[in-house]
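Residues in the sequence shown are numbered consecutively from 208, following our numbering. Below: the structure, in structure tokens.
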Amino acid sequence: MVVNKRANSDEAYILNICDEILNLKGLRQHRFDFLRGDTGTKLPVDIYYPTLKLVIEYREKQHSEEVKFFDKRITASGISRGEQRKRYDEFRRTVIPQNGLDLIEFDYSEFGHTKGKRLLRNRVEDEKIIRRILGKYIN
208 MVVNKRANSD
218 EAYILNICDE
228 ILNLKGLRQH
238 RFDFLRGDTG
248 TKLPVDIYYP
258 TLKLVIEYRE
268 KQHSEEVKFF
278 DKRITASGIS
288 RGEQRKRYDE
298 FRRTVIPQNG
308 LDLIEFDYSE
318 FGHTKGKRLL
328 RNRVEDEKII
338 RRILGKYIN
């Protein structure tokens with residue numbers, strides 16, 4: 208039996224709460240034609256809510272600090288994976304709004320977390336934070 212590790216990830220936990228608060232099922236790992244990487248591949252976004260014109264990204268620790276084993280690998284673009292991630296994060300911040308969509312980024316540091324930067328998953332507190340940030344999208 209294969210278990211989907213992403214289903215139990217901190218990202219999935221946060222996005223599931225977003226789905227519940229918004230009372231919508233967002234499109235996970237959605238790819239837009241206008242959002243392409245260095246090699247022309249469509250880049251995924253964590254979740255997209257078409258009716259709200261809203262993209263949400265969850266930023267785990269690798270988006271703000273080096274993860275030695277993974278970030279040193281050289282990509283097809285000829286740069287390290289860590290550098291590529293930084294560029295693509297900035298690219299999303301620029302291009303998504305240019306295409307008429309709102310972008311919200313949740314960072315792990317906004318929530319209670321362990322020394323290892325994993326979420327503590329205090330559902331009540333986490334939901335308060337998410338509700339505050341998603342305020343204008345909640346009916």
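Where is the CB? At the ideal position from N, CA and C, for every residue including glycine. Only a predicted model underlies this, so the values are computations on that prediction, with no experimental measurement involved.
Task: Sequence-distant residues of its chain with Cβ nearer than 7 Å to residue 203 (five each side left out) - done: Here the chain has residues from 208 to 346 only, and residue 203 is not among them.
TODO: Drop a sphere of 10 angstroms on the beta-carbon of residue 252, count the other beta-carbons inside from all chains shown, and report buried for 16 or more, exposed for fewer.
DONE: Residue mapping note: residue 252 aligns to position 45 of the sequence shown, counting from 1. Its Cβ being crowded by 16 or more others within 10 Å, residue 252 is buried.
Open item on the list: Taking the alpha-carbon of residue 330 as reference, which of 222, 214 and 288 has the nearest alpha-carbon?
Closed with: Position 123 of the sequence shown, counted from the start, is the residue given in the question as residue 330. That would be 222, whose Cα lies nearest to the Cα of residue 330.
Task: For residue 187, three-class secondary structure by DSSP - done: Past the edges of the chain, shown from 208 to 346, lies residue 187, and the structure says nothing about it.
- [ ] Could you check the C-alpha separation between residue 290 and residue 265 for me, to the nearest Å?
- [x] In the sequence shown, counting from the first residue as 1, residue 290 sits at position 83. In the sequence shown, counting from the first residue as 1, residue 265 sits at position 58. If I take the Cα positions, the gap works out to 18 Å.
TODO: Work out the CA separation of residue 244 and residue 296 for me, nearest whole Å.
DONE: As a position in the sequence shown, residue 296 is number 89, starting the count at 1. As a position in the sequence shown, residue 244 is number 37, starting the count at 1. Distance between the alpha carbons of residue 296 and residue 244 is about 11 Å.
- [ ] Could you spell out where the alpha helix (DSSP H) holding residue 333 opens and where it closes?
- [x] Taking the sequence shown and counting its residues from 1, one reaches residue 333 at position 126. From DSSP, the alpha helix (DSSP H) with residue 333 extends over 330-341.
- [ ] Please state whether DSSP places residue 264 in a helix, a strand or coil.
- [x] The residue you call residue 264 lines up with position 57 of the sequence shown. Three-state DSSP puts residue 264 in a strand.
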